[in-house]
Amino acid sequence: MPDFRAIFSQIEDMTEDIIQLHRDLVRIPSVNTGFMPTGDETPVCEYVRDWLAEDGIESEILGRVPERGNIIARIEGRNSAARLMFMSHTDVVPVEEEEKWTYPPFSATVHDGRIYGRGASDCKGLLAAQLMAMRLLKRNGIGLRDSLILCSGADEEHGGRYGFGWLAENHPEKITAPFAVNEGGGTPIEAAGGLTYILGVGEKGRLQVEFEIRGVSAHASVPWQGTNALYRLSQLLGRLQSYEPERDTSTSLFAHLSNFAIEHAPSRGNVDEIIAEVSEDNPRFASMLTALSRMTITPTMISGGIKSNSVPEQIRLTCDVRTLPHQDEGYLRSELNMITAGVPGVSYEIDYMAVPNASDFDTELAEHIQAATAMALGREDIQWVPAISTGFTDSRFTRPLDIITYGFSGSHPDDDPMLSNAHGTDESVGIASLVSGTKIMLALACTLCGAE
Ligand SMILES: [Zn+2]
6 MPDFRAIFSQ
16 IEDMTEDIIQ
26 LHRDLVRIPS
36 VNTGFMPTGD
46 ETPVCEYVRD
56 WLAEDGIESE
66 ILGRVPERGN
76 IIARIEGRNS
86 AARLMFMSHT
96 DVVPVEEEEK
106 WTYPPFSATV
116 HDGRIYGRGA
126 SDCKGLLAAQ
136 LMAMRLLKRN
146 GIGLRDSLIL
156 CSGADEEHGG
166 RYGFGWLAEN
176 HPEKITAPFA
186 VNEGGGTPIE
196 AAGGLTYILG
206 VGEKGRLQVE
216 FEIRGVSAHA
226 SVPWQGTNAL
236 YRLSQLLGRL
246 QSYEPERDTS
256 TSLFAHLSNF
266 AIEHAPSRGN
276 VDEIIAEVSE
286 DNPRFASMLT
296 ALSRMTITPT
306 MISGGIKSNS
316 VPEQIRLTCD
326 VRTLPHQDEG
336 YLRSELNMIT
346 AGVPGVSYEI
356 DYMAVPNASD
366 FDTELAEHIQ
376 AATAMALGRE
386 DIQWVPAIST
396 GFTDSRFTRP
406 LDIITYGFSG
416 SHPDDDPMLS
426 NAHGTDESVG
436 IASLVSGTKI
446 MLALACTLCG
456 AE
């Protein structure tokens with residue numbers, strides 16, 4: 006094994022280089038609106054390709070369309086099979102109200118230990134740390150037993166149809182490794198006097214339900230001659246608002262609550278009580294426990310009515326639904342049937358956007374991430390808990406390929422996760438997290454791929 010102490014101090018000495026790399030990545034505006042033509046991720050790929058080539062690291066750019074490339078780089082080990090894949094994405098979400106930003110969103114301005122810009126945290130920070138780890142493996146002449154892959158995908162923010170979704174379908178051999186580390190976890194939580202990291206092991210599913218509510222049209226001057234679909238809608242909305250989803254404590258996080266000084270074993274019966282206690286000191290964690298203990302059905306959009314003087318005959322209501330890993334479409338259907346029972350004129354259709362997914366927590370990858378983090382931070386007192394995230398990432402494409410995939414970005418414990426503001430105004434990343442992330446990624450590659 007290499008001398009990690011020496012390499013970690015080398016990484017600290019290279020902080021300016023890490024900042025420069027990260028700022029260069031943020032300054033390429035790979036904005037993904039979801040409507041083609043968009044994304045334009047290829048310039049990011051070309052920058053990465055040229056940057057890696059400075060150290061002789063080879064890469065290729067593959068894309069469903071030329072302007073939306075995915076970059077795949079490899080450091081070959083003695084065995085050509087890869088054991089670890091560094092994952093991230095190159096696209097960023099649009100900037101909504103630029104005038105609210107303190108610094109221009111693509112300026113990558115450095116202020117007070119942070120770099121500000123769209124994509125600074127999601128996901129160019131992780132990409133920069135992974136790239137720097139690869140550079141340092143090469144520069145220090147560290148040979149690997151098994152190969153290492155880096156893949157940064159396009160279109161993560163709008164379904165991955167040009168990114169990992171496309172790669173998984175068309176070039177699975179390019180992204181084959183037993184283990185992968187991606188965004189979607191690694192949040193440090195200081196609780197019960199210790200440091201706890203959340204390891205992202207899975208994701209809630211996302212579905213969309215389209216309700217159609219039908220009535221009978223009539224002239225609005227004689228409304229009794231029709232049936233107003235809006236009144237039926239109000240009944241349905243009332244049912245949705247008062248719906249109490251079944252409580253569920255089967256996700257792996259609930260088996261680890263003792264790390265947070267939560268004494269009682271959580272169950273369906275007491276989980277709301279536990280959440281109420283937690284929310285006093287740690288509202289963010291309470292919100293996470295709420296999300297992971299139930300399915301949510303949230304009305305988000307409505308359309309209907311055709312004329313100001315017509316009783317509306319048809320209304321459409323869209324709902325966002327988030328399911329736990331074991332809740333399938335049949336489960337949702339039975340809940341919806343219960344909610345709509347007795348409300349006349351209501352029908353619905355279900356559309357899957359992302360299937361819920363999870364990797365085991367008890368794996369070699371988890372052990373190596375924990376060891377690498379302890380080493381990089383010089384701390385032995387770190388606790389780990391697995392969590393299912395409420396959003397979804399490209400990990401949902403790699404988990405079905407039997408790649409154990411965890412969300413872990415290597416954030417520094419002093420870097421307040423609330424400041425990163427991914428997808429929001431003044432998105433930023435702490436420079437300390439770029440440095441700790443680089444150390445962790447490098448140590449992970451060395452131990453998992455067998456540095457020799
Ligand atoms: Zn992301």
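In the working numbering, the protein residues as written are 6 to 457.
From the three backbone atoms N, C-alpha and C, an ideal C-beta is built for every residue, glycine too.
8 Å contact criterion, which residue i and residue j should meet: CB distance rounded
i           : j           : result
residue 43  : residue 66  : About 18 Å; that fails the 8 Å criterion.
residue 30  : residue 129 : 4 Å
residue 539 : residue 170 : Nothing can be reported for residue 539: it is not among the residues displayed for the chain, which extend from 6 to 457.
residue 184 : residue 88  : 6 Å
residue 1   : residue 210 : In this structure the chain extends from 6 to 457, so residue 1 is not present and cannot be described.
residue 136 : residue 49  : Not quite, the Cβ-Cβ distance comes to about 11 Å (not below 8 Å), so this is no contact.
residue 422 : residue 192 : 5 Å
Neighbourhood of residue i by C-beta, 7 Å cutoff - its chain only, sequence neighbours within 5 removed
i           : result
residue 271 : 254, 259, 262 and 279
residue 225 : 314, 315 and 316
residue 248 : 302 and 344
residue 445 : 377, 378, 381 and 415
residue 85  : 152
residue 60  : 140, 143 and 144
residue 276 : 252, 254 and 298
residue 357 : 212
residue 131 : 93, 188, 414 and 442
Chain-order list of residues whose beta-carbon lies under 8 Å from that of residue i (same chain, five-residue window excluded)
i           : result
residue 317 : 220, 222, 233, 234, 235, 309, 310 and 311
residue 432 : 110, 121, 122, 123, 124, 125, 126, 127, 425 and 426
residue 180 : 77, 90, 154, 156, 169, 172, 173, 403, 406 and 408
residue 24  : 115, 120, 436 and 439
residue 385 : 379
Where the alpha helix (DSSP H) containing residue i begins and where it ends
i           : result
residue 288 : 288–297
residue 50  : 47–58
residue 373 : 369–382
residue 29  : 20–31
residue 321 : From DSSP, residue 321 is part of no alpha helix (DSSP H) but of the beta strand (DSSP E) over 319–328.
residue 43  : Segment: none, residue 43 is in no alpha helix (DSSP H) and carries neither H nor E.
residue 441 : 436–454
Terminal residues of the beta strand (DSSP E) in which residue i lies
i           : result
residue 2   : Limits of the chain in this structure are 6 at one end and 457 at the other, which puts residue 2 out of reach.
residue 214 : 210–219
residue 87  : 84–94
residue 305 : 301–309
residue 155 : 151–158
residue 411 : 409–412
residue 366 : Per DSSP, residue 366 belongs to no beta strand (DSSP E) and is neither H nor E.
residue 63  : 63–68
residue 389 : 387–394
residue 78  : 74–80
residue 187 : 184–187
residue 114 : 114–116
Close beta carbons around residue i, own chain, < 6 Å, minus the five adjacent residues each side
i           : result
residue 148 : 457
residue 294 : 280
residue 231 : 221, 222, 223 and 316
residue 361 : 209, 210, 328 and 330
residue 81  : 152
residue 207 : 330, 362, 363 and 393
Report yes or no: do three or more beta-carbon pairs, one from the stretch 67–85 and one from the stretch 98–105, lie closer than 8 Å? no
Report yes or no: do the stretch 387–402 and the stretch 440–449 share at least 3 C-beta pairs separated by less than 8 Å? no
Report yes or no: do three or more beta-carbon pairs, one from the stretch 318–330 and one from the stretch 212–219, lie closer than 8 Å? yes
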